[in-house]
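Down below is the structure, laid out as structure tokens.
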Amino acid sequence: MTESVDLNWFCSQITSPSVKGIAQAASALIRDGQIATGMQMPAVRDIAEQLGVSPATVSAAWAQLRKQKVLAGKGRSGVWVSGNTVMPRPIRFEKIGNYGENIRADLTMAAPDPALLPDLQRALQAALHSPQLNSYTREAISAPLLQAITPRWPYTAEAFLATDGGFDAMNLLVQTLVSPGDRVIIEDPTATRLLDMLDNVGAEILPLACDEQGPRPDILSVLLAQAPVMLIYQPRTHSATGNSISPARRQALAQVLQQSNTLIVEDDGIGDLSAEASWSLGSHFPERTLHIRSFSKAYGPDLRLAVLSATSEMVKRIQSWRNFGVSWTSRILQDAVAWLLEDEETQQQIASARAIYRQRREAMLASLAQRGLDLPLRDGLSLYIPVASEQFAMITLAARGIAVVPGERCRLGPTQFIRVSIASLRDEQREMIAGALVIASGREVNPLADL
795 MTESVDLNWF CSQITSPSVK GIAQAASALI RDGQIATGMQ MPAVRDIAEQ LGVSPATVSA
855 AWAQLRKQKV LAGKGRSGVW VSGNTVMPRP IRFEKIGNYG ENIRADLTMA APDPALLPDL
915 QRALQAALHS PQLNSYTREA ISAPLLQAIT PRWPYTAEAF LATDGGFDAM NLLVQTLVSP
975 GDRVIIEDPT ATRLLDMLDN VGAEILPLAC DEQGPRPDIL SVLLAQAPVM LIYQPRTHSA
1035 TGNSISPARR QALAQVLQQS NTLIVEDDGI GDLSAEASWS LGSHFPERTL HIRSFSKAYG
1095 PDLRLAVLSA TSEMVKRIQS WRNFGVSWTS RILQDAVAWL LEDEETQQQI ASARAIYRQR
1155 REAMLASLAQ RGLDLPLRDG LSLYIPVASE QFAMITLAAR GIAVVPGERC RLGPTQFIRV
1215 SIASLRDEQR EMIAGALVIA SGREVNPLAD L
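Below you can see the structure in the form of structure tokens.
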């Protein structure tokens, strides 16, 4: 039976019966081990009556500790201690299974194959000749990068900002444009780290159901009635499903969004590795669209570079918040990416990488199909595989030395799936992995497949 924290003792430890005082006292007791992980906290109404405050005061204190992943639960089920590290952290992103030495194939990271990335030597050497090198000028984007991306951008944008990667750009705009309690619509499933970012700012997440063509317009229409501040979606090569939004669906989404003033945030995480052409709802709503394109997966993760477009006013707001920290992105890295975008040989290498990733997806899908598991081709660096039970799938694969990402890390709804990286998959591993994936999916293996 779960041990409960004594009401009288707990209230005696609180010197200031305010939201801040209650939260600080509780976090100190948890951090010091006087309240252990797993213990049940006293009822909100009982604490409020003992302290002579309203239940809303205690609830607000608990909300702060939930945000920091120290407390969990609410309502009739009660509140219990879920952790003793009082600090905000990306809980979904950090929740990675420890498979020890049993791992033979780590298919968790949808990261590019290093062998398929371009050589950065000439690009970095060229970037060292930037006339702005070593300047403390806080420019939003370097002139060479702006010149390189403008003709490639999917709509005519008013202003641009270079950032330290796609997730840095997303975090900047979430921190700047979303306040605690704001409603935010986001695709379900979506990128793990986006959910962590929204949790961190205390947003109320409204999951947007999707199908093979993208976000469903009928569900979006219902969610927009709740006055959300922002819609976040991935326009092409979705990080979890590999789907891209169809032309017909784009038009349908644009029609629904005409009835609102909600900000539109587009996260183009795979960038130039996508088989689909770049596009944006900024063509319809330039005054409220923020489009982000990452260059890390195509050109190199250590370049840590993405570009964000928005109105001048929005870019200024984001830049102002950024001035608390780094203020600007390295001009060496910006100009290196600009050089890569303009270099014909590099662009041929990017096209070759796209083709190789497609071949690896097709080969794995063919091996799965031989065993009775037929999946659509889709796009990207991973496969989306529906399963009967994520828990069964993870245990089954771990027993065979295979690590994948469970859907629960990037979904809000009940649909069960696993995400399997194919980016660095080798031919000699494929048949062994395919057999294990079919078993993990909950289907029986074709006994003739491996003969």
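Numbering (the numbering used here) for the sequence shown: 795 to 1245.
In this text, a Cβ means the ideal position worked out from N, Cα and C, and glycines have one as well.
Computed from a predicted structure; not experimentally measured.
Of the choices 899, 1217, 951 and 1090, whose alpha-carbon is the least far from that of residue 1192? The shortest C-alpha separation from residue 1192 is found at 899.
On a Cα-Cα basis, can you pick out the residue from 1199, 810 and 926 that is closest to residue 1125? When only C-alpha atoms are compared, the closest one is 926.
Cβ pair residue 819, residue 808 closer than 7 Å: Result yes, Cβ atoms of residue 819 and residue 808 sit closer than 7 Å.
Three-pair Cβ contact test at 8 Å for the segment 982 to 994 versus the segment 1025 to 1034: yes
Compute the Euclidean distance between the alpha carbons of residue 909 and residue 1153, then round it to the nearest angstrom. 15 Å
Residue 908: beta carbon under 6 Å from a heavy atom of the ligand SAH? Only the bare structure without any ligand can be found here, which leaves the ligand SAH out of the picture.
Closest Cα partner of residue 854 within the set 1005, 1187 and 816: 816
Can you give me the start and stop residues for the beta strand (DSSP E) that residue 1178 sits inside? 1176 to 1180
Between which residues of its own chain and residue 1144 is the CB-CB distance below 6 Å, once the five residues before and five after are set aside? 1066 and 1092
Residue 1028 by DSSP, collapsed to three states: which one? coil
Alpha carbon to alpha carbon, how far is residue 913 from residue 1095? Give it in angstroms, no decimals. 12 Å
Could you give the distance in angstroms between the alpha-carbon of residue 1018 and the alpha-carbon of residue 814? 33 Å
Just to confirm before moving on: does the CB-CB distance between residue 849 and residue 842 stay below 7 Å? Yes. Within cutoff.
Which value, in whole angstroms, describes the spacing of the CA atoms of residue 1176 and residue 1198? 10 Å
Thinking C-alpha only, which one of 1097, 1194 and 1188 is nearest residue 1200? When only C-alpha atoms are compared, the closest one is 1188.
For residue 742 versus residue 953, is the C-beta spacing smaller than 7 Å? Since the first and last residues shown for the chain are 795 and 1245, residue 742 lies out of range.
From the DSSP secondary-structure annotation, give me the bridge partner or partners of residue 1190. Beta-bridge pairing links residue 1190 to no other residue.
Write down the C-beta distance between residue 1196 and residue 1158 rounded to the nearest angstrom, noting that I regard them as a contact closer than 8 Å. Contact flag wrong, Cβ pair sits at about 13 Å.
Have a look at residue 1245 and residue 1165 and give me their C-alpha separation to the nearest angstrom. Reliability of the predicted coordinates at residue 1245 is poor, the pLDDT of 41 falling under 50, and no value is obtained from them.
Excluding five sequence neighbours on each side, which residues of the same chain lie with their C-beta closer than 7 Å to the C-beta of residue 823? 807 and 829
Contact the segment 1034 to 1054 vs the segment 1070 to 1090: 3+ CB pairs below 8 Å: Output reads yes: the segment 1070 to 1090 touches the segment 1034 to 1054.
If you measure between the beta carbons of residue 1102 and residue 957, is that distance less than 7 Å? Taking 7 Å as the Cβ cut-off, residue 1102 and residue 957 qualify as a contacting pair.
Using a Cβ-Cβ cutoff of less than 7 Å, which residues in the same chain neighbour residue 1218 once the five nearest sequence positions on both sides are dropped? The beta carbon of residue 1218 sits closer than 7 Å to the beta carbons of 907 from its chain, once the five residues preceding and following it are set aside; these are given in chain order.
What residue range does the alpha helix (DSSP H) around residue 1010 cover? Where residue 1010 is concerned, there is no enclosing alpha helix (DSSP H), given that its DSSP letter is neither H nor E.
Classify residue 826 as buried or exposed, calling it buried when 16 or more other Cβ atoms lie within 10 Å of its own Cβ. exposed
Quick check on the DSSP output: the beta strand (DSSP E) that includes residue 980 runs from which residue to which? For residue 980, the enclosing beta strand (DSSP E) has its first and last residue at 977 to 982.
Nearest to residue 980 (by Cα), restricted to the options 947, 943, 1014 and 1038: 1014
Assuming residue 1008 and residue 977 make a contact with CB atoms under 8 Å, what is their CB distance in whole Å? Actually they are not in contact, since the Cβ atoms of residue 1008 and residue 977 sit about 21 Å apart, beyond 8 Å.
Residue 1213 - partner residues in DSSP beta bridges: 1178 and 1199
Coarse secondary structure for residue 847, derived from DSSP in three states: Note: residue 847 maps to coil in three-state DSSP.
Just curious, the alpha helix (DSSP H) that residue 1044 is in, first and last residue? In the DSSP assignment, residue 1044 falls within the unbroken alpha helix (DSSP H) covering 1041 to 1051.
Using the three-state DSSP reduction, which class does residue 820 fall into: helix, strand or coil? helix
Excluding five sequence neighbours on each side, which residues of the same chain lie with their C-beta closer than 7 Å to the C-beta of residue 1115? 966, 969 and 970
What runs of the alpha helix (DSSP H), each 4 residues or longer, lie entirely inside the segment 933 to 1007? Those alpha helix (DSSP H) runs which fall completely within the segment 933 to 1007 and span 4+ residues are 937 to 943, 960 to 971 and 986 to 994.
Is residue 1061 helix, strand or coil when you go by DSSP? strand
Between the alpha carbons of residue 857 and residue 867, how many angstroms are there, rounded? 10 Å
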